[in-house]
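One structure below.
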Amino acid sequence: MTNVPDTPPVLEGVGLWKEYHDGSRNLGVLRGADLSVRRGEIVSIVGTSGAGKSTLLHVLGALDRPNQGVVRVAGQELSRMGKRELATIRNRHIGFIFQFHHLLAEFTALENVMAPGLIARRAEPEVRQQATGLLERLGLGERLTHRPSQLSGGEQQRVALARALVNGPSLILADEPTGNLDTTTAATVIDLLWDEVRQENRSLILVTHDPDIAAKADRQLKLRDGKLQEG
Numbered sequence: 004m005t006n007v008p009d010t011p012p013v014l015e016g017v018g019l020w021k022e023y024h025d026g027s028r029n030l031g032v033l034r035g036a037d038l039s040v041r042r043g044e045i046v047s048i049v050g051t052s053g054a055g056k057s058t059l060l061h062v063l064g065a066l067d068r069p070n071q072g073v074v075r076v077a078g079q080e081l082s083r084m085g086k087r088e089l090a091t092i093r094n095r096h097i098g099f100i101f102q103f104h105h106l107l108a109e110f111t112a113l114e115n116v117m118a119p120g121l122i123a124r125r126a127e128p129e130v131r132q133q134a135t136g137l138l139e140r141l142g143l144g145e146r147l148t149h150r151p152s153q154l155s156g157g158e159q160q161r162v163a164l165a166r167a168l169v170n171g172p173s174l175i176l177a178d179e180p181t182g183n184l185d186t187t188t189a190a191t192v193i194d195l196l197w198d199e200v201r202q203e204n205r206s207l208i209l210v211t212h213d214p215d216i217a218a219k220a221d222r223q224l225k226l227r228d229g230k231l232q233e234g
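Next up, the structure:
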C-alpha cells in the first residue's frame with residue numbers, strides 16, 4: 004500500500020448508468036457506479052465475467068458515453084464535449100492498454116509507439132526520442148524495427164504499454180492487460196507497468212481477473228450489480 008497525497012482527483016465518475024437494448028429488454032450494466040482516483044493512485048477492479056468492467060473503463064475513458072452520470076478527467080466534464088474534444092482528451096490525458104494489444108501490423112514497434120505522439124502533432128524528433136527511450140526501458144531496445152508478427156505476446160504487450168505512455172498521460176486505463184500471457188510473462192509486464200506508474204506519479208485503473216495482481220493495488224474495488232464496492 005502506497006500513501007497517496009490528498010490532491011484533486013485525476014478522474015471522477017459520479018452516478019454512472021449504462022444500459023444496452025436487446026430487443027424489448029433493457030440490460031443495465033452500470034447502475035449508479037461512483038469512482039474517484041487521485042494522482043499517483045493505483046486502483047484495481049475485479050468482478051464476474053459480464054459484470055460490466057470493460058464497459059466501465061470505456062465510459063471512464065471517453066470511448067463510450069453513460070446514459071446518466073458525470074465523468075471528469077483532469078477536472079474537465081466529458082459530457083459537455085463533442086467528438087473532437089473527447090478525442091483530444093483521450094490522446095493527451097489517457098493511456099489505454101487492452102487485453103488484445105491492437106498494434107498496427109504494418110508498423111514497426113517504434114512506429115506503433117510513436118503514433119499517438121504524431122497524432123497529437125508533437126514534433127517527430129521529440130516523439131521518436133521518447134518512444135525509443137520507453138522501449139529501451141521496457142527491454143525492447145533491440146526490437147525497435149520489428150513488426151508485431153515478429154514479437155512474442157509479452158513483447159507485443161510491452162509495446163502496447165509504451166504506446167500508452169508516450170504522450171505522458173496522467174491516467175492509464177488497463178483492461179485485462181495480462182489476460183493472454185503466461186504467468187511469468189504476466190508478472191514481468193505488471194512489474195514494468197507498476198514501475199512506470201510509480202516513477203512518473205501517474206494514476207492507474209486496472210481491470211483484472213487475477214487476485215494476486217488486484218491485491219497489489221493501493222485500493223481494490225469490486226463491480227457488483229452495476230456498482231463499485233470497496234474490498
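Letter by letter, the sequence shown follows residues 4 to 234 of the working numbering.
Note that beta-carbon positions come from the ideal geometry of N, C-alpha and C, so glycine has one too.
Since the structure is predicted, the reported quantities are computational estimates derived from the model, not experimental observations.
Backbone secondary structure at residue i - three-state DSSP
i           : result
residue 4   : Residue confidence is low: residue 4 scores 47 on pLDDT, short of 50, so the model does not pin down where it sits. Its coordinate-derived value is still stated next. Coil.
residue 56  : helix
residue 39  : strand
residue 222 : strand
residue 12  : strand
residue 72  : strand
residue 169 : coil
residue 152 : helix
residue 116 : helix
residue 217 : helix
residue 104 : coil
residue 198 : helix
residue 182 : coil
residue 111 : coil
residue 145 : coil
residue 85  : coil
Paired residues, beta bridge with residue i - DSSP
i           : result
residue 24  : 29
residue 176 : 99, 208
residue 19  : 36
residue 230 : 227
residue 193 : BP columns for residue 193 are empty, so no partner.
residue 79  : 76
residue 130 : For residue 130, which the question treats as bridged, DSSP gives no partner whatsoever.
residue 46  : 208, 222
CA-to-CA distance, residue j to residue i, given in whole angstroms
i           : j           : result
residue 147 : residue 208 : 28 Å
residue 172 : residue 28  : 38 Å
residue 86  : residue 157 : 33 Å
residue 12  : residue 40  : 5 Å
residue 110 : residue 67  : 27 Å
residue 131 : residue 37  : 38 Å
residue 169 : residue 35  : 33 Å
residue 214 : residue 75  : 28 Å
residue 211 : residue 225 : 10 Å
residue 154 : residue 112 : 9 Å
residue 50  : residue 232 : 10 Å
residue 93  : residue 80  : 13 Å
residue 58  : residue 143 : 32 Å
Buried or exposed (CB count within 10 angstroms, at least 16 for buried), residue i
i           : result
residue 4   : Since pLDDT at residue 4 reaches only 47, below the 50 mark, its modelled position is unreliable, and no value is offered.
residue 60  : buried
residue 159 : buried
residue 21  : buried
residue 151 : buried
residue 54  : buried
residue 204 : exposed
residue 206 : buried
residue 24  : exposed
residue 107 : exposed
residue 227 : exposed
residue 83  : exposed
residue 202 : exposed
residue 134 : buried
Distance cut-off 7 Å: residue i Cβ against heavy atoms of the ligand ADP
i           : result
residue 130 : In terms of ligand content, the structure shown is empty, and the ligand ADP therefore cannot be addressed.
Would you call the region 186-202 and the region 116-136 in contact, with 3 or more CB pairs under 8 Å? no
Is the region 100-111 touching the region 176-186, taking contact as three or more C-beta pairs under 8 Å? yes
Counting pairs of Cβ atoms below 8 Å between the region 127-142 and the region 70-83, do you hit three or more? no
Measuring CB atoms only, is the region 218-227 touching the region 45-52, in the sense that at least three cross pairs come out at less than 8 Å? yes
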